[in-house]
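The opening residue of the sequence shown carries number 1 in UniProt numbering; numbering runs sequentially from there. Every residue, glycine too, gets a C-beta built ideally from N, C-alpha and C. Taking it in order: structure first as structure tokens, then the write-up.
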Amino acid sequence: MAARKHFLVLLTLFTAACTAEQGGTPKPAPQISSPSPEKETSTKVRAVIDGRTVELTDGRKARISLLAEPSPCAAAAALEFATKTLLDKEVHVGSITPGEVTLRMEDGADYALLAVKNGILRTTGVDGGPMTDAESKAAKGKLGLWGKECPTSTTPPPPASSSAKPPQETQTPPAPPSPPCVVVYRINSTWPGSFQAEVTVRNVSGALINGWTLRWRFPDGQQVTQMWNATSSQSGADVSVTNAGYTALLVPDGSVSLGFNGSVNGANSAPSSFTLNGATCTAG
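Spelled out as structure tokens, the structure:
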């Protein structure tokens with residue numbers, strides 16, 4: 001009998017211990033918070049070193065991410081574009097890796113994407129997404145540097161001897177210089193009293209054009225009501241179009257496209273001639 005009471009006491013103590021352990025209030029699991037992403041900082045570009053490298057106001061030199069180094073013949077145009085777009089401008093800086101940053105301008109545009117869209121620089125380290133799409137469209141449209149290959153240097157021929165000069169009567173007058181530009185005017189769509197058109201300007205002068213004004217005369221009294229990629233003014237039938245800040249550069253064999261909405265009453269013929277910075281263009 002005593003042994004049975006002793007066994008019941010031990011069983012009671014063991015059950016109470018287990019119940020206390022299982023019924024106790026569990027400690028909460030430690031909370032692990034994910035680190036918040038680094039926020040952009042606002043600063044200014046103090047100096048532009050090349051088309052994809054800048055110095056900020058705090059003295060930091062940073063490489064702009066996702067942009068490839070330009071070829072030697074494209075370096076000058078890339079530097080000019082970066083200087084005009086970024087120098088002394090307020091930018092929002094986001095860090096990607098040590099020494100590499102993203103630059104977003106005050107209007108929200110990403111500099112790297114803007115440079116690729118305009119054919120100023122190529123991409124690197126990108127597999128799909130907006131950068132790849134922008135590169136494909138620039139290459140297809142031969143914008144900026146996409147349609148330009150670096151020339152191969154050749155040794156100039158020796159000067160002709162004065163004794164080999166042909167007789168005066170056989171000399172032919174020099175050919176007139178070729179037009180420095182080609183303009184293609186295309187009407188994309190029409191509806192009663194209105195239309196939408198696209199104008200593509202190609203630089204075939206062999207020289208870099210930085211800043212341009214395109215002029216034409218409407219033959220049927222058309223009026224420009226809205227334009228993009230450039231700004232326009234009109235006096236009667238005469239239209240004057242000036243580049244936007246991001247379409248100012250026209251590299252050799254590069255092109256820029258601008259579009260506009262217009263109003264018309266009756267016939268809607270295309271302009272017959274165009275001038276670029278005062279020089280007559282070929283109508284394509």
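Query raised in the report: Could you give the distance in angstroms between the alpha-carbon of LEU214 and the alpha-carbon of PRO179?
Result: As a first step, residue 214 must be located in the sequence shown, where it is residue number 214. As a first step, residue 179 must be located in the sequence shown, where it is residue number 179. The alpha-carbon atoms of LEU214 and PRO179 are separated by roughly 14 Å.
Query raised in the report: Of all Cβ atoms in chain D, is any one closer than 8 Å to the Cβ of SER178?
Result: Given the protein chain composition of this structure (a single chain), no chain D is represented.
Query raised in the report: Whose C-alpha, out of GLY193, ARG63, ILE49, LEU113, is nearest the C-alpha of VAL126?
Result: As a first step, residue 126 is located in the sequence shown; it is residue number 126 there, counting from the start. Ranking GLY193, ARG63, ILE49, LEU113 by Cα distance to VAL126 puts LEU113 first.
**Report entry** Nearest-angstrom Cβ-Cβ length linking GLY99 and ARG63, presumed shorter than 8 Å
**Finding:** Locating residue 99 in the sequence shown gives position 99, counting from the first residue. Locating residue 63 in the sequence shown gives position 63, counting from the first residue. Indeed they touch by this definition, with Cβ atoms about 6 Å apart.
Query raised in the report: Should the stretch 64 to 80 be regarded as contacting the stretch 132 to 140, the criterion being three or more beta carbon pairs within less than 8 Å?
Result: no
Query raised in the report: Is the Cβ-Cβ distance between VAL224 and GLY262 less than 8 Å?
Result: Numbered from its first residue, the sequence shown carries residue 224 at position 224. Numbered from its first residue, the sequence shown carries residue 262 at position 262. Less than 8 Å separates the beta-carbon of VAL224 from that of GLY262.
Requested in this report: Indicate whether LYS142 and SER255 have their beta-carbon atoms separated by less than 8 Å.
Outcome: Residue mapping note: residue 142 aligns to position 142 of the sequence shown, counting from 1. Residue mapping note: residue 255 aligns to position 255 of the sequence shown, counting from 1. Contact: yes.
Report task. Going by DSSP, name the residue or residues bridged to ASP238. Result -> For the purposes of this step, residue 238 is taken as the residue at position 238 of the sequence shown. DSSP output for ASP238 lists ARG217, SER235 as bridge partner(s).
Report task. Give me the Cα-Cα distance between SER36 and THR124, rounded to the nearest whole angstrom. Result -> Here residue 36 refers to the residue found at position 36 when the sequence shown is read from its first residue. Here residue 124 refers to the residue found at position 124 when the sequence shown is read from its first residue. The predicted position of SER36 is uncertain, since its pLDDT is 41 and thus under 50; a value taken from the coordinates is nonetheless stated next. If you take the alpha carbons of SER36 and THR124, they lie about 27 Å apart.
Query raised in the report: Does DSSP put ALA136 in a helix, in a strand, or in coil?
Result: Translated into the one-based positions of the sequence shown, residue 136 becomes position 136. Checking the sequence, you will find Ser at residue 136 rather than Ala. SER136: helix per DSSP, three-state reduction.
Report task. Identify whether ALA207 lies in helix, strand or coil by the three-state DSSP scheme. Result -> By one-based count along the sequence shown, residue 207 stands at place 207. Correct three-state label for ALA207: coil.
Report task. Check each candidate in GLY236, LEU87, GLN222 and name the one with the smallest Cα separation from GLY193. Result -> Translated into the one-based positions of the sequence shown, residue 193 becomes position 193. Distance from the Cα of GLY193 is smallest, within the candidate group GLY236, LEU87, GLN222, for GLN222.
Query raised in the report: What does a CB cutoff of less than 8 Å around THR280 pick up in its chain, not counting 5 residues either side in sequence?
Result: Reading the sequence shown from its first residue, position 280 is the one you call residue 280. So the qualifying residues of the chain are PRO179, SER273, PHE274.
Report task. Note down, in chain order, each residue of its chain lying with its Cβ closer than 8 Å to the Cβ of CYS181, except the 5 sequence neighbours on either side. Result -> Taking the sequence shown and counting its residues from 1, one reaches residue 181 at position 181. Once the five neighbours on either side are set aside, the close Cβ partners of CYS181 are VAL201, ARG202, ASN203, VAL204, SER205, PHE274, LEU276, ALA279, CYS281, THR282.
Query raised in the report: Looking at ILE187 and ASN268, is the spacing between their C-beta atoms short of 8 Å?
Result: Taking the sequence shown and counting its residues from 1, one reaches residue 268 at position 268. Taking the sequence shown and counting its residues from 1, one reaches residue 187 at position 187. For ASN268 and ILE187, yes; Cβs fall inside 8 Å.
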